[in-house]
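Below is one structure; the comments refer to it alone.
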Amino acid sequence: MSRDLNQPPKLLIRRLFIYFLITSGVFFTGCSKSPFADLEPLPVNDYLKKPGNFLGNTYLLSAQIDSQIEWEEGVGRILAVETEGSTSRLPVFVPDSSGQNLNVGQRYKMQVSIRKGGLIYVEDLRKF
Amino acid sequence: MWKIYASSSLAWLLFVSLLNAQGGAPINGGRAATAQPAQAGVSAPANGVFESNSFLEMANRVFDPSSDSMDFENGSFSWKGKTFNIAEQRAFRSRLERFLLAFPIKEEEQYAQLMSEIMDGLSVSNNNTDDDILDVWQLLFRASDFEIDGGNSTIIANQVFNAWRIRKESRGVQLSHRDLEDIRKYQQDIVANRARMLKLIEGRKAENSDSESADALAISGIPTEESFRVSDLVETEAKLKALEGQVAATGLQAKLQFQSQIVSFLMQRRFEHALVLSGFYQVLFKGSHQTLEVGKSQLQEFLPGSDLTFTVDSMSFIAREAINDVKKGVETVNTAYSERRTMLALERLQEVFFLGEYSTALNNIPAEQRRHLLDLYRNLIEAGDLLEMKDYTSISSLADEISKLADDFPKTRVLSGVETAKSMSDMAVFAASQFRNVGQIEKAREELRQAIDIWPSNPAIREFQMETTKLATAGSQGVNVFDDLYERNDRRAIFERRMELGFALAEDEERRPLLMGIVEEVGRIDLLVKQSEELMKQGEAYAAWELLNEASKINGTDGPMNQARAELAPRVSDFVLQVDRADRQSEDGHHAAALAAYMAAQDIYPASRICREGIAREASALIAGLSASE
């Protein structure tokens with residue numbers, strides 16, 4: 131009998147715990163979604179073979195900054211980046227308007243668009 | 154006697170030391186001066202001119218087996234300030250070779266012993282009697298029986314016999330002289346008595362004063378007895394003087410004959426005979442007659458610069474010194490040979506041989522040693538002859554042979570000199586070819602002359618001449634050939650025929666610069682192709698390709714360069730693909746795509762100069778374009 135008296139609080143605690151787990155899981159899943167999650171990754175090898183085929187498209191580029199090739203005040207900088215999933219380096223242009231400090235060795239997820247002449251133009255970028 | 158000998162010996166020693174201190178006899182002066190440049194060895198080319206004479210002088214010195222004291226040019230041999238007439242080199246050489254070929258024989262030892270006995274027998278210290286001297290004199294006839302003596306002992310024996318005969322005759326003359334003196338005394342007495350008697354008679358007659366009888370005596374005019382006696386006395390006086398003169402002349406003649414023979418022996422380097430004859434002279438003639446009256450001019454030549462009074466003592470001193478020197482010289486030769494200093498031994502042997510050619514001490518050089526030195530001597534003479542002909546190839550092989558015979562032969566110095574001479578000649582031929590190819594014929598001729606002068610048998614000279622003949626034949630058609638090839642832009646063909654074209658276009662002001670430009674251009678391509686081959690050998694395929702790429706920019710149609718590129722392409726295809734892509738994109742103005750391709754290529758070959766320059770160029774162009782569009 132005494133056993134029946136003790137059971138209701140234990141059951142309640144267990145049910146509350148399960149509820150908490152479910153709600154927190156739903157919450158965290160919704161909050162951790164990548165900002166460029168909707169973007170396709172840039173097919174680097176194909177791009178190198180024929181950059182003209184990708185003009186006007188927007189892609190996600192996950193890369194680490196290798197070196198800065200050129201910079202002009204008020205215009206922007208050309209960076210050499212090592213892309214994830216490929217051994218090749220790519221040149222990307224980051225306009226001055228991005229307003230970020232970009233350091234060699236940092237890794238970024240970039241939203242890039244392919245512009246005239248095959249230029250990889252960085253629209254937005256986030257560290258990761 | 155000993156005092157005189159000692160003082161003259163000291164004076165002689167002083168004289169010799171003074172001569173040596175002053176650098177010896179004047180005849181050596183020129184020799185010393187010329188020996189200096191010979192030690193300079195081979196000179197480096199100065200202003201493009203090879204001083205071949207320096208090598209020749211050095212080599213001449215190395216291959217000249219003669220001693221410094223021998224001067225074949227002046228035909229003299231200098232020994233301690235004394236100058237001997239060496240005669241012709243060929244004659245000396247033949248005598249030396251004859252000696253080197255001869256065997257020392259027992260007879261020569263016996264002769265040496267006999268001569269030693271004779272010299273001992275005449276030694277002043279023995280206090281010899283007349284009988285002892287006679288015994289020594291008889292030994293001379295035994296000595297003259299030996300072939301090596303050359304009959305010189307007989308000459309001495311005859312001289313001595315002559316002196317003895319003169320002395321004997323002199324004794325007979327002395328007897329006659331004594332008789333005449335007695336007669337003269339008797340005659341003088343008669344004349345003196347007659348004069349006294351006449352004076353006495355005249356005195357008595359004057360007292361009696363008989364003038365008539367006196368007149369009669371004075372007028373008569375008949376010779377008196379007094380006058381006859383005076384005439385006899387004068388005649389006797391004249392006979393005495395004639396006899397005295399005859400004695401003096403005969404004695405002087407014997408002395409002079411002795412002295413001239415001593416000088417003659419000395420000049421002939423017959424030192425032992427000179428010593429023997431001097432010994433006899435000192436025994437036969439008085440101490441006050443030791444000064445030499447003859448051979449003064451010969452002695453002045455023999456001892457140049459000397460103003461000493463020559464005596465028989467000084468002659469015997471020289472002879473004794475020479476004999477001792479020969480003995481020491483032979484010991485030196487044997488020691489040098491036993492210590493394997495064969496060159497040194499040969500050089501000293503020549504001095505010793507010339508000085509002591511007639512000396513018995515030379516027999517102490519063993520036959521085997523003589524043969525070895527003869528081989529060396531002959532090889533050195535031959536090398537000297539080859540050197541005169543500048544036959545360097547043969548000299549090199551002969552130097553090997555000589556070095557086997559003589560450990561102290563400076564083979565390395567000779568070979569080094571030979572190699573330098575050969576290189577200099579080759580360089581001159583090369584320079585001549587270069588000048589010929591660019592049409593500077595006069596300079597080419599000058600260089601060729603120099604090449605021939607240094608090494609006349611240089612095979613490169615023959616090749617040069619054949620090549621030039623060929624070019625001269627082809628040169629007449631040169632202008633047409635050049636125009637045709639130039640029109641077809643076959644620069645490689647022009648380069649390959651550059652020599653004949655250079656010859657043909659030497660005076661063509663219009664075409665010559667074009668030819669020079671093409672030669673330079675293709676030469677540069679060839680250099681790059683060669684460098685790329687070297688890099689390929691080191692496994693640097695990408696670097697090699699870059700050099701070929703650079704060569705292709707000079708002339709993309711060059712055959713050998715394209716062939717090299719084609720051979721290399723499969724090994725660097727990934728890199729070439731990216732670079733070609735970059736170039737194409739760049740040409741189309743797609744700087745971003747070009748930049749990406751260059752970076753991809755750089756990933757393959759990080760040290761690439763093409764990529765480094767391409768990236769810098771494309772990045773600048775890209776940023777400039779973006780800047781303009783902003």
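Chains A and B supply the protein sequences, listed in that same order.
Residue 131 is where the first sequence starts when you use the numbering used here, and the numbers rise one by one after that.
Residue 154 is where the second sequence starts when you use the numbering used here, and the numbers rise one by one after that.
Even glycine gets a Cβ: it sits at the ideal position worked out from N, Cα and C.
For residue i, three-class secondary structure by DSSP
i, result
"Pro221(A)", "strand"
"Asp711(B)", "coil"
"Tyr758(B)", "coil"
"Tyr511(B)", "coil"
"Thr573(B)", "helix"
"Val289(B)", "helix"
"Arg256(A)", "strand"
"Leu608(B)", "A small correction: the amino acid at residue 608(B) is Trp; Leu does not occupy that position in the sequence shown. Correct three-state label for Trp608(B): coil."
"Gln410(B)", "helix"
"Thr464(B)", "strand"
"Gln118(A)", "With chain A running from 131 to 258 in the structure shown, residue 118(A) is simply not present."
"Ser243(A)", "strand"
"Leu205(A)", "Inspection of the sequence shows that residue 205(A) is occupied by Val rather than by Leu. Coil at Val205(A), not helix or strand."
"Arg650(B)", "coil"
"Ala559(B)", "coil"
"Lys774(B)", "Going by the sequence as given, residue 774(B) is Ala instead of Lys. Note: Ala774(B) maps to helix in three-state DSSP."
"Leu169(A)", "coil"
"Ala371(B)", "Residue placement at Ala371(B) is flagged as unreliable, the pLDDT there being 49, under the threshold of 50; a coordinate-derived value is accordingly withheld."
"Ala316(B)", "helix"
Neighbourhood of residue i by C-beta, 7 Å cutoff - its chain only, sequence neighbours within 5 removed
i, result
"Met714(B)", "Ile678, Val682, Leu701, Ala704 and Ser705"
"Trp789(B)", "In the structure as shown, chain B begins at 154 and stops at 783. Residue 789(B) is therefore absent and cannot be evaluated."
"Lys352(B)", "none"
"Ala735(B)", "Ala747, Ala750, Tyr751, Ala754 and Gly767"
"Lys480(B)", "Ala514"
"Gln341(B)", "Leu386"
"Ala772(B)", "Leu748"
Sequence-distant residues of the same chain with beta carbon closer than 8 Å to residue i, five excluded per side
i, result
"Val242(A)", "Leu172, Thr188, Tyr189, Leu190, Leu191, Val222, Ile250, Tyr251, Val252 and Glu253"
"Val429(B)", "Met268, Ile271, Met272, Leu275, Leu293, Ser306 and Ile309"
"Arg100(B)", "Outside the shown range of chain B, which is 154 to 783, sits residue 100(B), and nothing can be said about it."
"Asp528(B)", "Leu558"
"Arg523(B)", "Phe252, Leu253, Leu254 and Ala255"
"Phe258(A)", "Ser192, Arg237, Tyr238 and Lys239"
"Ala391(B)", "none"
"Tyr553(B)", "Note on identity: in this sequence residue 553(B) is Asp, with Tyr being the wrong assignment. Excluding positions up to five away in sequence, the list reads Lys564."
"Lys246(A)", "Leu185"
"Ile336(B)", "Thr389"
"Met468(B)", "Ile415, Val416, Leu419, Ala427, Ser431 and Leu445"
"Ser297(B)", "Gly304, Asn305, Ser306, Thr307 and Ala310"
"Leu152(B)", "Given that chain B is displayed from residue 154 to residue 783, the structure contains no residue 152(B) and the question cannot be resolved."
"Tyr264(B)", "Ala296, Phe299, Ile301, Asp302 and Thr513"
Close Cβ partners of residue i (< 6 Å) along its chain, the five nearest in sequence each way excluded
i, result
"Leu688(B)", "Ala696 and Ala697"
"Ala694(B)", "Arg724 and Val725"
"Ala613(B)", "Asp579 and Val582"
"Ile199(A)", "Ile208 and Ala210"
Residue i Cβ short of 7 Å to the ligand MG heavy atom set
i, result
"Ser247(B)", "For the structure depicted, the ligand MG is absent and the ligand set is empty, with no information on it obtainable."
Interfacial residues, the region 214-234 of chain A to chain B, with Cβ spacing under 8 Å: The region 214-234 of chain A vs chain B, Cβ under 8 Å: Thr217, Ser218, Arg219, Leu220, Pro221 and Phe223.
Quick one, which residues of the region 753-776 of chain B are near chain A if we go by CB-CB under 9 Å, in chain order? Ala753, Gln755, Asp756, Ile768, Ala769, Glu771, Ala772, Ser773, Leu775 and Ile776
Is the region 628-647 of chain B touching the region 550-567 of chain B, taking contact as three or more C-beta pairs under 8 Å? no
May I ask you to verify whether the region 413-426 of chain B touches the region 508-528 of chain B, counting CB pairs closer than 8 Å and requiring at least 3? yes
So, does the region 540-547 of chain B touch the region 603-613 of chain B, judging by three or more C-beta pairs under 8 Å? yes
Stretch pair the region 220-236 of chain A + the region 716-736 of chain B: three plus CB contacts closer than 8 Å: no
Whether or not the region 613-629 of chain B and the region 640-648 of chain B are in contact is what I'm after, with contact meaning three or more pairs of Cβ atoms, one per stretch, closer than 8 Å; do they touch? no
Give the residues from the region 711-745 of chain B that approach chain A closer than 9 Å (Cβ to any Cβ), ordered along the chain. Gln731, Arg734, Gln738, Asp741, Gly742, His743, His744 and Ala745
Could you name each continuous beta strand (DSSP E) segment of 3 residues or more that falls completely within the region 719-743 of chain B, going from the start of the chain to the end? none
Output the residue ranges of the beta strand (DSSP E) runs that lie fully inside the region 612-640 of chain B and measure 3 residues or longer, sorted by chain position. none
Any C-beta of chain B within less than 9 Å: which residues of the region 197-212 of chain A qualify? Ile199, Glu200, Trp201, Glu202, Gly204, Val205, Gly206, Arg207, Ile208 and Ala210
Name, going along the chain, the residues of the region 646-668 of chain B whose beta-carbon falls closer than 8 Å to a beta-carbon of chain A. none
Unbroken beta strand (DSSP E) runs of length 3 or more, entirely within the region 653-717 of chain B: which are they? none
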